[in-house]
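So in our numbering, the last one in the sequence shown is 497, and the numbering has no gaps at all. The block underneath contains the structure these notes are about, expressed in structure tokens.
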Amino acid sequence: MGAGIAQICAQSGWKTNLYDAFPDGLERGMNNIFSFWDKGIARGKTTEQQKHEWSANLFPTSEISDAVKDADMVIEAVPEIMDLKCEIFQSLGSLTKNGCILGTNTSSLSISKIAEASGKPDMVIGMHFFNPVPIMKLLELIKHDKCSEETINSATIAGKIMGKTTILVNDVPGFATSRLGVVLGNEAIRMLADGVANAKDIDTAMVLGYKHPMGPLALSDLVGLDVRRDILLNLKDAFNDESYTPHPLLEKLVSLGRLGKKSGKGIYDWSTGEAEETEMPE
């Protein structure tokens with residue numbers, strides 16, 4: 216997700232530092248960006264000149280202080296672990312200059328709690344992007360009680376420059392998108408486990424019957440089954456509601472390392488680059 220965000224920032228004409236604490240992750244992120252551009256060139260949707268201009272805006276680094284010290288905006292995109300996000304925002308509060316907007320890309324966690332960790336809560340806003348970031352047009356902005364109007368306006372303008380349509384929601388568990396999306400995905404997994412239909416047919420039902428651009432099972436694989444599971448658990452805890460309990464099949468797939476497209480297999484087999492039916496574990 217972080218690489219995709221860095222990509223659209225670079226494409227928007229901004230000098231963009233891509234930070235990852237792990238060199239392997241940084242290299243993988245850069246490779247994903249250039250692979251996306253190369254595929255665009257092969258399809259005639261991108262030019263070599265555009266790739267050259269965009270890549271000149273992109274600077275990978277494994278030093279967080281170098282990445283953020285002169286930034287006007289920082290967008291964090293680490294896994295959905297509250298303690299980790301708070302630790303990072305505590306660092307960002309001291310490492311960033313005054314007036315720097317601090318965005319957190321989270322799909323379910325409390326923006327207020329993350330904001331307090333920074334020591335600059337008025338500068339913090341939720342910025343929920345969607346995979347694949349360069350293609351998906353929505354940016355969900357999440358405001359909390361101490362978020363300033365200037366921060367909201369700056370994030371909205373930034374989103375529009377990135378080519379996104381923004382929506383503004385309040386800081387409630389799951390916001391507007393995840394609260395609906397994970398329930399649909401979890402129910403689709405339940406239907407698959409119950410033998411209602413195969414994965415392709417369940418997805419086709421929603422694509423053709425309800426005009427969804429992608430079925431809930433393929434989308435779950437794209438988002439990451441571990442991410443889906445974590446969001447459900449966050450909502451279950453926040454609402455004290457057992458209806459958000461991840462289905463046992465989802466838990467089983469995650470435990471087996473079948474996390475979706477990023478691992479090569481989840482509900483579908485992605486080894487060919489396309490979603491192919493595959494057997495479910497017992």
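Glycine included, each C-beta is placed from N, C-alpha and C at the ideal position.
- Contact between Leu465 and Ile404 holds, since their C-beta atoms are separated by about 5 Å, short of 8 Å.
- Look at Asn413 here: in three-state DSSP terms it is coil, with no helix or strand label.
- Here Tyr234 has Thr276, Ile279 and Ala282 as same chain residues with Cβ atoms under 6 Å from its own Cβ, once five neighbours each way along the sequence are excluded.
- For the 8 Å CB-CB criterion, Leu310 and Leu317 do not form a contact.
- Counting every other CB atom within 10 Å of its CB across the protein chains shown gives His267 a total below 16, marking it as exposed.
- Its chain contains Met288 and Ile316 as the residues whose beta carbon lies nearer than 8 Å to that of Ser369, once the 5 sequence neighbours on both sides are disregarded; these appear in chain order.
- Restricting attention to beta strand (DSSP E) runs no shorter than 3 residues, the segment 315–363 encloses them at 316–319, 339–343 and 353–358, ordered along the chain.
- Nearest Cα to Ala490 within the set Asp445, Lys415, Gly396 and Thr366: Lys415.
- Residue state for Asp441 is assigned as helix, using DSSP reduced to three classes.
- Asn413 is positioned such that its CB atom lies no closer than 8 Å to that of Glu497.
- The beta carbon of Ile220 is closer than 8 Å to those of Ile290, Ala292, Asn320, Phe344 and Val348 in its chain, skipping five residues each way along the sequence.
- Judged by beta-carbon spacing, Ile357 lies within the 8 Å limit of Val384, meaning their Cβ atoms are closer than that value.
- The beta carbon of Gly439 sits closer than 7 Å to the beta carbons of Leu474, Gly475 and Lys477 from its chain, once the five residues preceding and following it are set aside; these are given in chain order.
- In the structure shown, Ile446 adopts helical secondary structure according to DSSP, grouped into three states.
- For Asn232, the secondary structure class from DSSP, reduced to helix, strand or coil, is strand.
- The Cβ neighbour count for Leu395, taken over all protein chains shown within 10 Å, is under 16; the residue is labelled exposed.
- Spatial neighbours of Met351 in its own chain (CB-CB distance under 7 Å, excluding positions within 5 residues in sequence) are listed in chain order as Phe345.
- One alpha carbon belongs to Cys362, the other to Pro336, and they sit about 6 Å apart.
- Assignment of Glu263 by DSSP, reduced to helix, strand and coil, places it in the helix class.
- Pairing Ala218 with Asn247 gives a Cβ-Cβ distance under 8 Å.
- For Glu402, the enclosing alpha helix (DSSP H) begins and ends at Ser393 to Ala408.
- Taking 8 Å as the cut-off, the beta carbon of Asp452 is found no closer than this to the beta carbon of Val469.
- Here Thr371 has Thr381 as same chain residues with Cβ atoms under 6 Å from its own Cβ, once five neighbours each way along the sequence are excluded.
- When DSSP states are grouped into helix, strand and coil, Val283 belongs to the helix group.
- Between Glu295 and Ser327, the C-beta gap is not smaller than 8 Å, which leaves the two residues out of contact.
- Non-local C-beta neighbours of Thr231 in its own chain, meaning closer than 8 Å and more than five positions away in sequence, comprise Ala221, Cys224, Ala225, Asn272, Leu273 and Phe274, ordered along the chain.
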